[in-house]
Structure formats: structure tokens, C-alpha cells
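Peer 1:
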Amino acid sequence: MSIRPETLIVVTRPRDEGAETASYFEAKGFQVHLAPVMEICYRPYDQSILKQYDGFVVTSQQALKALGDNHGCHGKILYAFGEKTLSLAQAMGFEVYELSGHDMQEALPDLIARLKRRPGRYCYLRGADISVDLKTVCAEAQILLDDLILYDAKALEDQIVLPEAQHYAFLLFSERSAKKVLRSIQSLKMKNVTYFCLSEKIKNSIDEGDPSFKDSAFAPKIPTTKHLYDLILSSLI
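Residue numbers (my numbering): 27 to 263.
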């Protein structure tokens with residue numbers, strides 16, 4: 027499988043993360059178009075709530091960005107999943123421990139073991155939409171984990187506007203964004219499209235949404251941003 031050099035890479039992530047992704051591929055000489063289909067909206071929170079916890083669990087850098095610099099929890103324990111989440115948590119002054127695994131599902135045993143070894147009152151800082159319900163999983167393991175929703179990912183209502191290209195390669199990072207992109211593609215009756223999905227779950231949402239794209243959707247075997255980028259680069263001529 028290879029993509030023609032006239033392909034336009036379409037990045038659908040929220041604007042701040044999307045800009046990083048776009049810059050990565052532009053630096054390698056590829057044509058890139060930033061077309062966010064979701065926007066991140068941070069929720070206000072009460073700092074006094076955070077101070078009652080011994081530590082936190084975070085799987086998204088957006089949750090940390092929602093805290094801001096004046097979170098008042100410097101030095102507290104934070105179990106982080108994801109390279110960018112880890113580095114941001116360190117920069118924000120937490121006592122950070124990295125959860126091991128290719129995805130959060132795989133990292134669950136490590137999280138549960140750590141929480142059992144170091145008992146305390148912990149809170150999962152998250153967005154409104156999550157792929158793994160850590161609070162419920164921990165409850166099943168007899169571990170109390172509170173959660174606090176700090177942001178929402180809201181779909182942008184505007185139709186995707188694309189510059190003309192002979193072929194389009196969409197980068198998809200969530201099921202919700204994949205479904206919105208697919209609806210736009212179907213309404214525009216586009217066929218010259220390839221989808222690169224962060225995970226098999228996202229790929230399946232494309233396959234199920236429109237079986238005609240079944241052979242045009244791909245996902246890395248390991249669901250990480252690095253492996254997704256490697257898959258894309260290995261496909262570009």
C-alpha cells in the first residue's frame with residue numbers, strides 16, 4: 027500500500043494538537059491541511075477539590091492543560107499515560123510515574139498494581155468522553171478512584187472545507203471525529219480518500235460506517251501516535 031505524492035494529508039485533531047501534527051509532516055516536505063472537526067472546551071474547577079487528594083491519574087494532556095499553571099498541587103503523585111502527558115506533568119511540578127502499555131487497556135494492570143502498593147485518595151482527571159472507564163475498572167478491583175471532568179471535546183458544526191487535491195489522506199484520532207469526517211466525505215461523494223486511524227477501533231468505525239472504504243482505512247498494530255506516524259511515512263512515496 028502506498029500513497030501518491032500528490033496526496034494532501036488532512037489533520038483532523040483539535041487545533042493545538044493538530045498544529046503540532048501538521049508541522050511534523052510539513053517539516054518532512056509533505057502537503058498538509060489542518061481541518062479540525064472537534065474543539066476542546068475547558069471546564070472551570072474548584073482548586074480546593076484537588077487539594078484533598080493524595081494523587082491523580084491522567085491519560086490525556088488536555089486534562090493537564092485544563093488545570094493550568096496555578097493548580098496548587100505541586101509535588102503530588104501523578105500516574106500518567108502517554109509520552110506527552112508524562113512530559114507535561116513533569117513540567118507542571120507533579121511527582122510523575124509513567125504507566126506502561128501500548129494503550130490504556132494494556133496499562134490497566136500497572137495502574138491497579140501501583141494504586142494498591144501506594145494506597146491513598148486518588149482522582150482521575152479526564153475529559154467527558156473516555157475510551158476506558160478507569161473509575162469502574164478500579165472499583166471492580168476494590169480500589170476507590172474518584173474522577174473529575176475537566177474538558178469537553180465538542181464537534182464543530184461547520185462542513186469540512188478542503189483545497190483541491192488528487193488524493194486525500196485523513197488522520198483520525200477518535201471515533202467521534204472519524205464519524206464526523208465520514209459523514210462529510212459521504213455528503214461530498216468523495217472516493218479519492220485514504221484513512222489513517224490511531225486504533226483498530228477507530229478503523230472499525232470507518233469500515234462499519236461505509237463498507238466501500240474498507241480497503242482504504244488503515245491502523246497501526248500498536249495504537250500510539252508514533253506508530254501511526256510511522257505507518258503514514260512508510261506509505262508515502
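Built from N, CA and C at the ideal position, the CB exists for glycine as well. Bear in mind the structure is a predicted one, so any value in this text is a computation, not a measurement.
Going by the DSSP bridge assignment, what does C149 pair with across the sheet?
Peer 2: Counting from 1 along the sequence shown, the entry for residue 149 is found at position 123. The partner list for C149 (beta bridge, DSSP) reads F82, D172.
Peer 1: Leaving aside the five residues before and after K110 along the sequence, list all residues of the same chain whose C-beta is less than 6 Å from its C-beta, in chain order.
Peer 2: For the purposes of this step, residue 110 is taken as residue 84 along the sequence shown, with counting starting at 1. Taken in chain order, the residues that qualify are Q87.
Peer 1: Per DSSP, which one or two residues make a beta bridge with T220?
Peer 2: Taking the first residue of the sequence shown as 1, we reach residue 220 at position 194. In the DSSP output, where bridge partners are listed per residue, T220 has A195.
Peer 1: I'd like to know whether the C-beta of D129 is nearer than 8 Å to at least one C-beta of chain B.
Peer 2: In the structure shown, chain B does not exist; there is a single protein chain.
Peer 1: Under the rule that 16 or more other beta-carbon atoms within 10 Å means buried, what is A61, buried or exposed?
Peer 2: Taking the first residue of the sequence shown as position 1, residue 61 is located at position 35. So A61 counts as buried.
Peer 1: Mind reading off the beta-carbon distance from Y79 to R147? Whole number of angstroms is fine, and I expect it under 8 Å.
Peer 2: In the sequence shown, counting from the first residue as 1, residue 79 sits at position 53. In the sequence shown, counting from the first residue as 1, residue 147 sits at position 121. Right, the Cβ-Cβ distance comes to about 5 Å (below 8 Å), so this counts as a contact.
Peer 1: Mind reading off the beta-carbon distance from A245 to I228? Whole number of angstroms is fine, and I expect it under 8 Å.
Peer 2: Indexing the sequence shown from 1 puts residue 245 at position 219. Indexing the sequence shown from 1 puts residue 228 at position 202. With 8 Å as the limit, A245 and I228 qualify as a contact, their Cβ atoms being about 7 Å apart.
Peer 1: Where does H59 sit, in a helix, a strand or coil, going by DSSP?
Peer 2: Taking the first residue of the sequence shown as position 1, residue 59 is located at position 33. Three-state result, H59: strand.
Peer 1: Would you check if the distance between the CB atom of T220 and the CB atom of A204 is smaller than 8 Å?
Peer 2: Sequence index remark: in the sequence shown, residue 220 carries index 194 (1-based). Sequence index remark: in the sequence shown, residue 204 carries index 178 (1-based). For T220 and A204, no; Cβs fall outside 8 Å.
Peer 1: Among D42, S74, V58, which has the Cα closest to the Cα of A191?
Peer 2: Looking up residue 191 in the sequence shown gives position 165. Closest option to A191, Cα to Cα, is V58.
Peer 1: Does the separation of the CB atoms of V158 and A115 fall below 8 Å?
Peer 2: What you label residue 158 is simply residue 132 of the sequence shown in a count that begins at 1. What you label residue 115 is simply residue 89 of the sequence shown in a count that begins at 1. No, the Cβ-Cβ distance between V158 and A115 is not below 8 Å.
Peer 1: Could you tell me which residues DSSP pairs with I103 in its beta bridges?
Peer 2: As a working mapping, residue 103 is identified with position 77 in the sequence shown. Paired residues: G81, E121.
Peer 1: Tell me the residue span of the beta strand (DSSP E) that contains T251.
Peer 2: Indexing the sequence shown from 1 puts residue 251 at position 225. First-last for T251: 251-261, but that is the alpha helix (DSSP H), not the beta strand (DSSP E).
Peer 1: Is L176 closer than 8 Å to A89 when the C-beta atoms are compared?
Peer 2: Here residue 89 refers to the residue found at position 63 of the sequence shown. Here residue 176 refers to the residue found at position 150 of the sequence shown. Against a cut-off of 8 Å, the Cβ pair of L176 and A89 comes out as a contact.
Peer 1: Where do the ends of the beta strand (DSSP E) carrying E65 lie?
Peer 2: Counting from 1 along the sequence shown, the entry for residue 65 is found at position 39. Taken as a continuous stretch (DSSP letters only), the beta strand (DSSP E) holding E65 covers 64-68.
Peer 1: Does DSSP classify T33 as helix, strand or coil?
Peer 2: The residue you call residue 33 lines up with position 7 of the sequence shown. Strand.
Peer 1: Which residues in the same chain as I103 place their Cβ atom closer than 6 Å to its Cβ, once the five residues preceding and following it in sequence are excluded?
Peer 2: The count along the sequence shown starts at 1 and reaches residue 103 at position 77. Excluding positions up to five away in sequence, the list reads G81, E121.
Peer 1: In whole angstroms, give me the CA-to-CA distance for M118 and C99.
Peer 2: In the sequence shown, counting from the first residue as 1, residue 118 sits at position 92. In the sequence shown, counting from the first residue as 1, residue 99 sits at position 73. Cα to Cα, M118 sits roughly 9 Å from C99.
Peer 1: Give the straight-line distance between the Cα atoms of R202 and M130, rounded to the nearest whole angstrom.
Peer 2: Reading the sequence shown from its first residue, position 176 is the one you call residue 202. Reading the sequence shown from its first residue, position 104 is the one you call residue 130. The alpha-carbon atoms of R202 and M130 are separated by roughly 18 Å.
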